[in-house]
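Enquirer: Encoded as structure tokens, here's the structure I'll be asking about.
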Amino acid sequence: MKICETAHKISAKPLLLYSSSPPHVGRAGEHYLPKDALKSALLECDVWIELNQKWLLYSSVYEEVVKSNKVRYICLVGMNKDMAVRCIGRLNVPLLLEFQVKLQELTKSAGVVGLEELKKQGMYTRS
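For the sequence shown, this note's numbering gives the first residue as -18, with consecutive numbering after it.
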């Protein structure tokens, strides 16, 4: 898997966990999974990237791992190679950061931000 190869290149120690897919997601699906093993493994991670189709988001495993406030979590359920390239690989990070800072400033300084105000500020250029 390319993610593991990439992780090795930055001296990370990836762990790839596989299990059969439960019929349900979140808390409703956890009864079909090895909860204790998942929780134990995830509590020892620094980063958890969820790429499965039947997510653990909002399960008791997820809640306990997030509660530890140690693991950085991102839910990329359904992510495939093409999506990863478009949504992660081809980002102009400096431009995105500039946009986020500007959006934060606008949000903090305005009671309500409408599309017209964003256009005036040069933050929205579509017609």
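Ideal Cβ placement from N, Cα and C applies to all residues, glycine included.
With a CB to CB cut of under 7 Å and the five nearest residues on each side skipped, what residues in its chain are close to lysine 83?
Expert: Here residue 83 refers to the residue found at position 102 when the sequence shown is read from its first residue. Correct list, in chain order: Met104.
Enquirer: Mind pulling the alpha helix (DSSP H) runs of 4 or more residues that sit fully within the segment 30 to 69?
Expert: Counting only runs of 4 or more, we get 41 to 48, 62 to 65.
Enquirer: Are leucine 19 and proline 3 closer than 7 Å when you measure CB to CB?
Expert: For this step, residue 19 is matched to residue 38 along the sequence shown. For this step, residue 3 is matched to residue 22 along the sequence shown. Taking 7 Å as the Cβ cut-off, leucine 19 and proline 3 do not qualify as a contacting pair.
Enquirer: Measure from the alpha carbon of glycine 10 to the alpha carbon of each residue in Ser0, Leu37, Val28, then state which is nearest.
Expert: One-based indexing of the sequence shown puts residue 10 at position 29. Nearest of Ser0, Leu37, Val28 to glycine 10, Cα basis: Leu37.
Enquirer: Please state whether DSSP places valine 82 in a helix, a strand or coil.
Expert: Within the sequence shown, numbered from 1, the residue matching residue 82 stands at position 101. Correct three-state label for valine 82: helix.
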